[in-house]
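Take a look at the structure below.
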Amino acid sequence: MSIRSFKTSSIKTGEKRSKFWDQSAVIVNGAYEAIASAAGTGSSGTITFSSIPATYQHLQIRCLIRCDEAANAYRDLRIRLNGDTGTNYNAHLLYGDGTSAISTHRADANTYTYITAGLDAYPRNLVTANVMGVAIIDIHDYASTSKNKTTRQFLGVDNNGAGRVFMSSGLWRSLSAINSVSIISEAGNWTTQSQFALYGIKGA
Amino acid sequence: MATYEPIATTTLGSAASTVTFSSIPQTYTDIKCVIVTQEVASGSGLGENLLVRVNNTLPTQSQTTISGNGSSASSNRKTSQSYGYIKIPFTGSNWGLVEIDFFNYTGSTFKTYLSSTSGDLNGSGEVIRTVHLAQMTTAISNRIQFEAGSNSFAAGSTFTLYGILKA
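Those sequence lines, one after another, are chains A and B. Residue numbers for the first sequence follow the numbering used here, beginning at 1 and rising by one. Residue numbers for the second sequence follow the numbering used here, beginning at 1001 and rising by one.
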């Protein structure tokens, strides 16, 4: 593990229960490289990969997720970039719930302070033990300073009779290069079973 | 060890009803299978399904799917199965593409995996995304097997297994 943990007291954020990690080393081999990873702590609903190097073409984050909120239900997955808490985000979602295919959006102007990647997309803590949500998040051309940033998500959860599978896109209306990505639970804390891994994909 | 590396590839020289990756290395964080295939009928007809078996123990599997076929979008679900089911659209020289991502395959939580199917057949076709659950707390270790039901995978089908390692 090549990450260092920082206490929130040492970092200015508008987010409660945040933890930040700063990768101190990178495994280097090939065009697809592991940058950093983290596990849920049971005491925070936010995982942040910070100080992301600008040396890749694209980023991918792979997640195994569950939150500790006591309910037999599911929660929304949210993404925030560079710690920006302004209303600078939009999303479109296409999902299946086992009965219907549904398209919806979180695209109202100046409303959302995060990208909504999935709605009721991972389990709370009274869902069957050991059932986990999963997500793959792709952020292309993340280091550009001339483009707003578009993300793509593929995620879902199944619990033998319940569940949802999502394809979604997100928009961060900012020309800034992305140097941090936060994966945020709608409520509760990420359980210690939860895992998050950040990868960089090189260009030629 | 590389972050994203091929573990094994099987290219069928002749039709086969099953393709198996055994003795799965336990050294990665996630594993991914990339499959290009068609089925040929050896039974009562083409079921167009690729069945996913994990380990020798046949854990209970279930899944939720969304798909679009050019005219409409739909969603369906399977519960309490012994296999994961992935539909393969194909015809003539148009082959179906499947990617399967197994997360935390050595971990002690149930195994959730995502499959993505793409098949465009010049006038028809289907795009499919599925989340699968295999109710097993043990590692996926001794087998990932793809079965063609009562049919066979066509000669020329390719199955590649990759390992993905976190930092």
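Using N, Cα and C, we set each Cβ at its ideal position, and we do this for glycine too.
- Close CB contacts of residue 97 of chain A within its chain, under the 6 Å cut and outside five residues either way in sequence, are with 164 (chain order).
- Contacts with chain A (Cβ-Cβ distance below 8 Å) from the segment 1123 to 1150 of chain B involve 1129, 1130, 1131, 1132, 1133, 1135, 1137, listed in chain order.
- A:196 is the residue among A:196, A:200, A:204, A:201 whose C-alpha sits nearest the C-alpha of residue 47 of chain A.
- In its chain, beyond the 5 residues on either side, 1003, 1004, 1028, 1029, 1030, 1031, 1032 have a beta carbon closer than 8 Å to the beta carbon of residue 1164 of chain B.
- Residue 1020 of chain B has B:1145 as its beta-bridge partners, per DSSP.
- By alpha-carbon distance to residue 1143 of chain B, the top candidate from B:1067, B:1041, B:1083 is B:1083.
- Boundaries for residue 68 of chain A: no beta strand (DSSP E) harbours it, and the DSSP string shows neither H nor E there.
- Collapsing the DSSP output to three states places residue 1054 of chain B in a strand.
- Residues of chain B whose Cβ lies closer than 7 Å to the Cβ of residue 49 of chain A do not exist; the shortest such Cβ separation is about 10 Å.
- For residue 33 of chain A, the chain B residues whose C-beta falls within less than 7 Å of its own C-beta are 1003, listed in chain order.
- Contact annotation: residue 1051 of chain B and residue 1126 of chain B have beta-carbon atoms that are not nearer than 9 Å.
- Nearest in C-alpha terms to residue 1145 of chain B, of all of B:1014, B:1022, B:1062, is B:1022.
- Listed along chain B, the residues sitting closer than 7 Å to residue 101 of chain A by beta-carbon distance are 1066, 1073, 1074, 1075.
- Residue contact check for residue 1114 of chain B against chain A: a CB pair falls below 9 Å.
- CA-CA distance, residue 1018 of chain B to residue 1071 of chain B, rounds to 33 Å.
- Counting C-beta atoms within 10 angstroms of its own C-beta, residue 175 of chain A has fewer than 16 neighbours from the protein chains shown and is therefore classed as exposed.
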